[in-house]
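Residues 9 to 384, numbered by this note's numbering, are exactly what the sequence shown covers, in order.
Every residue, glycine too, gets a C-beta built ideally from N, C-alpha and C.
Values in this document were obtained by computation on a predicted structure and should not be read as measured data.
Accompanying notes for the structure given below.
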Amino acid sequence: MPISKLIIPFLIVALLLWGGLFFMGPELAERLSYASEKGRQQAITENFPTLKQADGLSVLLREVVRTVKPAVVEIRVSRKTRSPRSIRFSTGDGGSVGSGVIIDSENGYVVTNEHVVRAPDDVKVILADGRELGAEWVRSDWMVDLAVIKVSPERLLQIPMGDSSKIEVGDHVLAVGSPMKLPQTVTFGRISAKGRMIGRSAKYQKFLQTDAAINQGNSGGPLINMSGEIIGINTAIVSDSGTNAGLGMSIPSNIVKRVVKQLIEGGKAIRGFIGLGFRPVDAKIAAELRLPDTKGALVEIVVIDGPADVAGIEAHDFIVSIGDKPIANSQELRHIVADIAPGTTVPVELYRDGELQILSVKIAVQPENLFRTPRP
Numbered sequence: 009m010p011i012s013k014l015i016i017p018f019l020i021v022a023l024l025l026w027g028g029l030f031f032m033g034p035e036l037a038e039r040l041s042y043a044s045e046k047g048r049q050q051a052i053t054e055n056f057p058t059l060k061q062a063d064g065l066s067v068l069l070r071e072v073v074r075t076v077k078p079a080v081v082e083i084r085v086s087r088k089t090r091s092p093r094s095i096r097f098s099t100g101d102g103g104s105v106g107s108g109v110i111i112d113s114e115n116g117y118v119v120t121n122e123h124v125v126r127a128p129d130d131v132k133v134i135l136a137d138g139r140e141l142g143a144e145w146v147r148s149d150w151m152v153d154l155a156v157i158k159v160s161p162e163r164l165l166q167i168p169m170g171d172s173s174k175i176e177v178g179d180h181v182l183a184v185g186s187p188m189k190l191p192q193t194v195t196f197g198r199i200s201a202k203g204r205m206i207g208r209s210a211k212y213q214k215f216l217q218t219d220a221a222i223n224q225g226n227s228g229g230p231l232i233n234m235s236g237e238i239i240g241i242n243t244a245i246v247s248d249s250g251t252n253a254g255l256g257m258s259i260p261s262n263i264v265k266r267v268v269k270q271l272i273e274g275g276k277a278i279r280g281f282i283g284l285g286f287r288p289v290d291a292k293i294a295a296e297l298r299l300p301d302t303k304g305a306l307v308e309i310v311v312i313d314g315p316a317d318v319a320g321i322e323a324h325d326f327i328v329s330i331g332d333k334p335i336a337n338s339q340e341l342r343h344i345v346a347d348i349a350p351g352t353t354v355p356v357e358l359y360r361d362g363e364l365q366i367l368s369v370k371i372a373v374q375p376e377n378l379f380r381t382p383r384p
């Protein structure tokens with residue numbers, strides 16, 4: 009058959025398709041495009057294991073980036089922020105732009121940092137496709153520096169939450185966000201450390217440290233593993249200049265999941281409370297108190313009629329485990345207690361006068377006025 013006769017049927021089909029798109033209207037065309045993009049995203053995600061085994065790192069990175077970028081957003085607010093000189097939030101002094109990530113496309117939930125949306129006049133979420141959505145509500149928790157924004161759930165794409173307990177030092181990660189008002193910026197690096205504390209940015213800190221470049225404006229954006237999952241929310245940088253020095257800090261996804269769930273369901277985060285204050289322990293103090301080592305938390309203050317006081321815990325007791333979880337220091341103890349549901353009774357293992365004892369403590373609800381809310 010002549011080639012000219014083969015071309016004619018193809019031209020007819022092409023004209024019919026073009027005519028169909030022309031007459032279906034822009035709204036239906038957008039929905040078809042959204043469905044196609046959602047299907048492509050799912051297909052790529054399912055192919056990640058194969059890419060890891062059969063292809064090079066560059067191919068895997070390219071596909072991870074393609075599937076996560078549609079869920080990363082730019083967040084614009086109308087007020088200014090200030091930061092300490094050596095520890096700077098990655099929104100910067102302008103405060104007009106931060107980042108966020110869609111974690112629930114069906115309900116329109118976007119996660120970001122609390123300091124990005126603290127006391128704003130207005131909050132706008134700019135999607136990867138350029139659409140601008142207003143916030144229906146914003147719920148936040150300054151003690152871990154997290155916030156949830158609800159937007160209209162129309163043609164949104166989300167990224168799944170990963171398990172941050174499985175990430176290890178040396179693992180590859182990607183940071184995605186809007187540094188210096190440059191949306192959809194992707195940087196690549198590794199996990200440098202875990203369990204970091206950096207100062208006054210939040211009361212509860214257990215940061216993942218990364219050398220993936222994070223700058224002002226990255227706040228609230230996701231830290232992504234090589235399976236296209238969120239394993240952290242980028243929050244702060246340690247830098248004298250205010251620009252990337254290879255010391256980026258991200259809130260682990262397991263903390264994010266717990267706090268965000270509470271914010272969505274109840275409007276605020278609920279934490280356990282034991283009613284204790286602690287002091288540091290060095291080798292000299294450990295020897296004086298006949299302690300096995302310095303891994304634990306030395307009680308300095310007991311809140312009168314608090315859960316610990318009622319259970320019989322005293323000043324100078326050295327707590328080494330709570331709820332059958334060993335602790336390394338007082339900061340770790342605070343995190344463990346905060347994660348325990350109020351009303352739960354847990355065993356507390358401690359040394360008193362050189363002897364090991366086990367007491368039972370009923371965890372209470374942390375008072376709302378325990379810490380003062382930071383000024384904007």
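Quiz item: For A319, does the three-state DSSP call read helix, strand or coil?
Solution: helix
Quiz item: Just to confirm, are M205 and Q339 a CB contact at a threshold of 8 Å?
Solution: yes
Practice problem: Rounded to whole angstroms, what's the CA-CA distance from V310 to I321? Just pull it up for me. | Solution: 8 Å
Practice problem: Decide yes or no for the touch test of the region 232–244 against the region 68–78: beta carbon pairs closer than 8 Å, at least 3 of them. | Solution: yes
Exercise. Check the C-beta distance from G353 over to K333 and give it rounded, since I have them as a contact under 8 Å.
Key: A small fix is needed here, since residue 353 is Thr in this sequence, not Gly. Actually they are not in contact, since the Cβ atoms of T353 and K333 sit about 15 Å apart, beyond 8 Å.
Quiz item: DSSP state of D313, grouped into three classes?
Solution: coil
Quiz item: Is A336 closer than 8 Å to R279 when the C-beta atoms are compared?
Solution: no
Quiz prompt | Span of the alpha helix (DSSP H) around Q339 | solution = S338 to D347
Self-check item: Separation of V125 from I222, as counted between CA atoms
Solution: 19 Å
Quiz item: Using CA coordinates, which residue listed in E82, S113 and E54 is at the minimum distance from Y42?
Solution: S113
Quiz item: What is the DSSP secondary structure of T352, reduced to helix, strand or coil?
Solution: coil
Exercise. In the DSSP assignment, find the beta strand (DSSP E) that holds G142 and state where it starts and stops.
Key: E140 to G142
Exercise. Output the boundary residues of the alpha helix (DSSP H) element that contains R126.
Key: Unbroken run through R126: none, as it is neither H nor E.
Quiz item: Which stretch, first to last residue, makes up the beta strand (DSSP E) that contains T251?
Solution: Element bounds for T251: n/a, residue is neither H nor E.
Quiz item: In chain order, what residues of the same chain have a beta carbon less than 8 Å from the beta carbon of E357, not counting five sequence neighbours either side?
Solution: I327, V328, S329, I330, L364, Q365 and I366
Quiz item: What separation, rounded to the nearest whole angstrom, lies between the Cα atoms of V81 and G185?
Solution: 7 Å
Quiz item: How many Å lie between L378 and A323 at the Cα?
Solution: 20 Å
Exercise. Measure the CB-CB distance between L154 and S148 and report whether it falls below 8 Å.
Key: yes
Quiz item: Below 8 Å, can you find three or more Cβ-Cβ pairs linking the region 159–167 to the region 108–122?
Solution: yes
Self-check item: Where E273 falls: helix, strand or coil (DSSP)
Solution: helix
Self-check item: Straight-line gap, A127 to K292 (C-alpha atoms, nearest Å)
Solution: 46 Å
Self-check item: Nonlocal neighbours in the same chain, by C-beta distance under 7 Å from A201, ignoring five residues either side
Solution: V177 and Q217
Quiz item: Considering L69, what are the terminal residues of the beta strand (DSSP E) in which it resides?
Solution: Counting along the chain, L69 falls outside any beta strand (DSSP E), though it belongs to the alpha helix (DSSP H) covering L65 to V76.
Quiz item: How is the beta strand (DSSP E) around E82 delimited, first residue to last?
Solution: V80 to V85
Quiz prompt | Extent of the continuous alpha helix (DSSP H) to which A220 belongs | solution = That residue, A220, is in no alpha helix (DSSP H); it is neither H nor E in DSSP.
Quiz item: With burial defined as no fewer than 16 other Cβ atoms inside 10 Å of the residue's Cβ, what is the status of V307: buried or exposed?
Solution: buried
Self-check item: Bridge partners - M257, DSSP secondary structure assignment
Solution: Q217 and A244
Practice problem: Sort I259, G229 and E273 by Cα distance to A136 and report the nearest one. | Solution: G229
Practice problem: Assuming S172 and S261 form a contact by the criterion Cβ under 8 Å, report the distance between their Cβ atoms to the nearest whole angstrom. | Solution: 4 Å
Quiz item: So, is the C-beta of I344 closer than 8 Å to a C-beta in chain D?
Solution: Given the protein chain composition of this structure (a single chain), no chain D is represented.
Quiz prompt | Extent of the continuous alpha helix (DSSP H) run through E296 | solution = A291 to E296
Quiz item: Since L367 sits in a beta bridge, which residues does DSSP pair it with?
Solution: V356
Exercise. Excluding the 5 residues preceding and the 5 following S433 in the sequence, name in chain order all residues of the same chain whose CB lies nearer than 8 Å to its CB.
Key: Look at the range of the chain in this structure, 9 to 384, and you will see that residue 433 is not part of it.
Practice problem: Would you kindly check if the distance between the Cβ of V131 and the Cβ of A143 is under 8 Å? | Solution: yes
Self-check item: Environment of W145 [buried if 16+ CB atoms lie within 10 Å]
Solution: exposed
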